[in-house]
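Below is one structure, written out as structure tokens, with a few remarks after it.
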Amino acid sequence: MSERARREDLERIENALTAGGEILDRYTPGEIESVKKAGGDPVTQADLEVDAALKRILPRAGEGWLSEETRDDATRLDRDRVWIVDPLDGTREFVLGLPEFCISIALVESGRAVAGGIFNPASGERVVGSAETGVTLNGEPVRPRSTASIATATVLASRSEVGRGEWRPFEESFPFNVVPMGSVAYKFGRVAAGLADATWTLVPKHEWDVAAGIALVAAAGGEVRAMPGDDLTLNRPHPKLRGLVALGPGATGIWSDVEARWVPNPDPRAK
């Protein structure tokens with residue numbers, strides 16, 4: 214893919230993020246009603262409106278579509294280019310009024326995440342990029358930061374996982390700073406933008422949660438690792454991964470130190 218062609222893809226991503234952000238601006242976080250979907254996850258009218266806007270802007274003829282808020286269409290499996298999106302990752306935080314939610318957009322080609330965009334309208338952080346163009350934060354080029362010492366590293370953790378006590382072994386055994394945060398996509402975006410050193414998931418994640426983050430961290434010069442027995446292939450018939458680690462360029466040592474302490478859930482269908 215030429216840089217010029219990829220920039221055309223990124224322009225679509227930028228336009229979709231802007232449109233989605235304008236929709237979310239019409240709602241007040243913490244003052245919006247939600248209902249529970251099958252499985253118990255919340256959904257709001259904002260989720261659905263952003264989903265419709267993204268679907269209108271992003272896919273063109275011959276391109277596939279996978280979204281948390283759209284009924285899955287198996288024809289995506291026959292498409293080389295597929296848009297994988299979460300119109301509002303961090304709906305719980307949005308409902309609670311916590312500024313830890315985002316719009317997450319990924320373009321996948323032949324099963325590989327090649328371009329992405331993550332936008333948190335509450336914080337104003339917009340991370341967009343691809344391997345061909347590099348990554349920008351609010352239009353300015355960025356790279357993941359290099360960590361000189363594990364003691365100065367910042368690792369972003371799932372707010373719900375921390376609440377359940379699942380990060381206690383890391384906090385008690387290692388000197389890095391664990392910061393609880395909602396939205397896995399937002400956490401990946403912050404690693405890509407050089408605002409944190411690493412993040413990892415302790416439970417399986419859907420493709421729409423992580424596809425954009427995979428593209429952005431890799432494009433920025435960081436590294437994304439799948440769990441043993443899995444890989445980073447996307448647009449699967451069952452779109453779920455066992456777990457992921459996102460690392461800035463200086464954080465590989467951090468992960469080698471803690472890897473033995475994490476026994477990931479071996480069932481990719483688990484919640």
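So in the numbering used here the end of the sequence shown lands on 484, straight run, no missing numbers. We put the beta carbon where it would ideally sit given N, CA and C, even for glycine. All figures in this text were calculated on a predicted structure; none of them were measured in a lab.
Problem - Nonlocal neighbours in the same chain, by C-beta distance under 8 Å from I363, ignoring five residues either side - result: F387, P388, F389, G466, I467 and D470
Handout entry: Ranges of the beta strand (DSSP E) found wholly within the stretch 261 to 326, counting only runs of at least 3
Key = 277 to 280, 294 to 302 and 315 to 322
Exercise for the section: Taking the CB atoms as reference points, tell me whether G329 and V404 lie closer together than 9 Å. Expected result: no
Handout entry: Chain-order list of residues whose beta-carbon lies under 6 Å from that of T257 (same chain, five-residue window excluded)
Key = I245 and S247
Exercise for the section: Kindly indicate the opening and closing residues of the beta strand (DSSP E) around W190. Expected result: With the chain covering only 214 through 484, there is no way to say anything about residue 190.
Exercise for the section: Given a cut-off of 9 Å, decide if A266 and I236 are closer than it, judged by their beta-carbon atoms. Expected result: yes
Practice task
Quickly, what does DSSP pair I331 with across the bridge? List them, please.
Solution key: S317 and V340
Problem - A439, DSSP secondary structure in three states - result: strand
Exercise for the section: Leaving aside the five residues before and after A409 along the sequence, list all residues of the same chain whose C-beta is less than 6 Å from its C-beta, in chain order. Expected result: T367, L369 and R403
Handout entry: Nearest-angstrom beta carbon gap, V391 and E384 [assumed within contact, 8 Å]
Key = 5 Å
Practice task
Within the same chain, show all residues whose beta-carbon is closer than 7 Å to that of L311, passing over the 5 residues directly before and after it, in chain order.
Solution key: G395
Exercise for the section: With a cut-off of 8 Å on the beta carbons, I'd call A431 and A335 a contact; round off their distance for me. Expected result: Their Cβ separation, rounded to whole angstroms, is 26 Å, which puts A431 and A335 out of contact at 8 Å.
Problem - Alpha-carbon to alpha-carbon, A459 and G435 - result: 7 Å
Practice task
Answer yes or no: do L320 and W296 have a C-beta to C-beta separation smaller than 9 Å?
Solution key: yes
Problem - Simplified DSSP assignment, three categories, for G347 - result: strand
Problem - Rounded straight-line distance, which links the Cα of T231 to that of A483 - result: Its pLDDT being 43, under 50, A483 is placed unreliably in this model, and the value from its coordinates should be taken loosely. So the alpha carbons of these two residues sit roughly 33 Å apart.
Practice task
Tell me where the beta strand (DSSP E) around A459 begins and ends.
Solution key: L457 to L460
Handout entry: S215, DSSP secondary structure in three states
Key = coil
Practice task
Check whether the stretch 287 to 303 touches the stretch 337 to 355, counting contact only when three or more Cβ pairs, one atom from each stretch, lie closer than 8 Å.
Solution key: no
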